[in-house]
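Here is the structure we will look at, set down as structure tokens.
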Amino acid sequence: MAKASASGYSSIHTWHWDSLRKARRPSRCRRYGHSRRRRNHLRWGAAAFCQQRSSTTSALFGVIIGLALQDTLGNFFAGISLHADRPFQVGDVIVVTQQKLTGVVESITWRAIKVRTFQNHIVLVSNSLAAREAIEVAPRENLNARLVFFNTIYTDSPAKTIHVVRESVRDADNVSDKITPIVRIRALGDSSIDWEIKYWLDDYAKYNDTDALVRQRVWYALRRNGLTFAFPTRTLHIERNVPVRPITAEDQIADRLSAVDVFSPLSTDELRQLAKATAGHVFAPGETLIRAGDEGSSMFVVHNGRVAVQVADRGGPRTVAELTEGNFFGEMALFTGEPRTANVVALEETEVLEIGHPAMKHLFETNPSLAESISWTIAERQADLAKGSTSAQPSIQETAGLLSSIKRFFGLH
Ligand code: CMP
Numbered sequence: 041m042a043k044a045s046a047s048g049y050s051s052i053h054t055w056h057w058d059s060l061r062k063a064r065r066p067s068r069c070r071r072y073g074h075s076r077r078r079r080n081h082l083r084w085g086a087a088a089f090c091q092q093r094s095s096t097t098s099a100l101f102g103v104i105i106g107l108a109l110q111d112t113l114g115n116f117f118a119g120i121s122l123h124a125d126r127p128f129q130v131g132d133v134i135v136v137t138q139q140k141l142t143g144v145v146e147s148i149t150w151r152a153i154k155v156r157t158f159q160n161h162i163v164l165v166s167n168s169l170a171a172r173e174a175i176e177v178a179p180r181e182n183l184n185a186r187l188v189f190f191n192t193i194y195t196d197s198p199a200k201t202i203h204v205v206r207e208s209v210r211d212a213d214n215v216s217d218k219i220t221p222i223v224r225i226r227a228l229g230d231s232s233i234d235w236e237i238k239y240w241l242d243d244y245a246k247y248n249d250t251d252a253l254v255r256q257r258v259w260y261a262l263r264r265n266g267l268t269f270a271f272p273t274r275t276l277h278i279e280r281n282v283p284v285r286p287i288t289a290e291d292q293i294a295d296r297l298s299a300v301d302v303f304s305p306l307s308t309d310e311l312r313q314l315a316k317a318t319a320g321h322v323f324a325p326g327e328t329l330i331r332a333g334d335e336g337s338s339m340f341v342v343h344n345g346r347v348a349v350q351v352a353d354r355g356g357p358r359t360v361a362e363l364t365e366g367n368f369f370g371e372m373a374l375f376t377g378e379p380r381t382a383n384v385v386a387l388e389e390t391e392v393l394e395i396g397h398p399a400m401k402h403l404f405e406t407n408p409s410l411a412e413s414i415s416w417t418i419a420e421r422q423a424d425l426a427k428g429s430t431s432a433q434p435s436i437q438e439t440a441g442l443l444s445s446i447k448r449f450f451g452l453h
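Numbering (the working numbering), first residue to last: 41 to 453.
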């Protein structure tokens, strides 16, 4: 038997044969005095029996080892597949659907994926589990989109809602400017038009903050434009709890306008008339009130809050002036018919009073000195913009030229 022990199988066989020979108990054959031939038969039978037992033992042993290593090996092989396939990478946001787990991948090892949740907890997802689960991946380098929902009442115009909401959301922080947000009707509900905003993010890992900012923008934009959230909504609840300063009554507006230097020549009656013709708007911090290059047919007085006047300078915005309560802006396009010369951005929540072309025309007709003081302010601001300083003085000719173009534009004599 020893000669036949080259293969593993024979070795096991031999080992059992030897151990059989070494057994201390006398063999059954000897005990019962069987013939040599019969004894040989019995020996072979015993050996076969032992061989069978040995195979069973090794199989059992294998099963035990296999069970013990099941997780480790599973993780290891799943880890190999993860490293080979690279379905996600460090920095990607993943959602392990069954586990209801969302977070940013911090590392991928042979054993597990380390995920940092948005509650700043670390969760280790074993590779074998990850291989079994459906995982949603938002790759870091990808333009990933989000959906934010809101609703309006049926009497609000859908076209106006789309325009107002899209414009308010598109320049919010972390909303990508590579794709314009989409505002569309999701459903015509029982008591509301249900909307969704689809927008794309520069950094998807900040989607919670960005969703919140988008909702905030929607709230301000709807309020400013006379659009209404439908009942019942969460916003109605907020409206009750967060007192919103209403745009003040006519007398207060007239008071505010009287403090604006260009309107100081106006009588109390004229100021009241002007107050009647103004419309109040509220803007969120960071919102753009005026965009350079747009057409404009109204000017604004800051009722409360603060805005920055910004011009483009080597790619980035440069602030040329900050305007607060009682200051006005937007008069250049209104009085000259030229496109807006600068961006005006709210630095905090800001209420402005908008005065349109017809109201100004009426004022100019009743009070011709107004055109002169306004033309001086415009000339001063144009000089500031041209020279990049805040105290540039316009020439008499520039001011006179502006006055005559205002007169022409408004049909004054
Ligand atoms: P308009 O061109 O209609 O729109 C942008 C507005 O920014 C502009 O009118 C002015 O009212 C305002 N603006 C431009 N330059 C200045 C400046 N240097 N100081 C204050 N306001 C300015």
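Beta carbons: idealized from backbone N, C-alpha and C, even for Gly.
Would you mind stating whether residue 213 and residue 345 have Cβ atoms separated by less than 8 Å?
no
If we require 4 or more residues per run, which alpha helix (DSSP H) segments fall completely within the segment 150-197?
167-172
Can you pull the DSSP bridge partners for residue 243?
Its beta-bridge partners do not exist; DSSP assigns none.
Applying the 10 Å Cβ sphere with the 16-neighbour rule, what's the burial state of residue 130?
exposed
Rounded straight-line distance, which links the Cα of residue 111 to that of residue 168
Roughly 7 Å separates the two Cα atoms.
Give every residue of the same chain whose Cβ lies closer than 6 Å to the Cβ of residue 132, excluding the five residues on either side of it in the sequence, and list them in chain order.
145, 177, 179 and 180
Measuring alpha carbon to alpha carbon, tell me which of 182, 183 and 202 ends up nearest residue 189.
202
Is residue 135 close to chain C, meaning its C-beta is less than 8 Å from at least one C-beta of that chain?
The structure shown contains no chain C, having only a single protein chain.
Would you decide whether residue 390 is buried or exposed? Buried here means 16 or more other CB atoms lie within 10 Å of its CB.
When all chains shown are included, residue 390 counts as buried.
Looking at C-alpha atoms only, which residue of 294, 321, 163 and 316 is the closest neighbour of residue 308?
294
So, is residue 381 buried or exposed, given that buried needs 16 or more other C-beta atoms within 10 angstroms?
buried
One or two residues paired with residue 234 in a DSSP bridge
191 and 227
Can you check which of these residues, 405, 328 and 339, is closest to residue 210 by C-alpha distance?
Between residue 210 and the set 405, 328 and 339, the nearest pair of CA atoms involves 328.
When the Cα atoms are used, what is the spatial distance from residue 360 to residue 372?
Rounded to the nearest angstrom, the two C-alpha atoms are 15 Å apart.
Bridge partners - residue 321, DSSP secondary structure assignment:
392
Confirm the yes/no value for this check: CB of residue 346, any heavy atom of the ligand ZN, distance under 7 Å.
As presented, the structure is devoid of the ligand ZN, carrying the ligand CMP as its sole ligands.
Using CA atoms only, rank isn't needed, just tell me which of 422, 453 and 163 is closest to residue 141.
With distances taken between Cα atoms, residue 141 lies closest to 163.
Rounded to the nearest angstrom, what separates residue 48 and residue 97 at their Cα positions?
Residue confidence is low: residue 48 scores 34 on pLDDT, short of 50, so the model does not pin down where it sits. Its coordinate-derived value is still stated next. Cα to Cα, residue 48 sits roughly 15 Å from residue 97.
Between residue 266 and residue 165, what straight-line distance do the alpha-carbon atoms span, to the nearest angstrom?
Straight across, the Cα-Cα distance linking residue 266 with residue 165 is about 49 Å.
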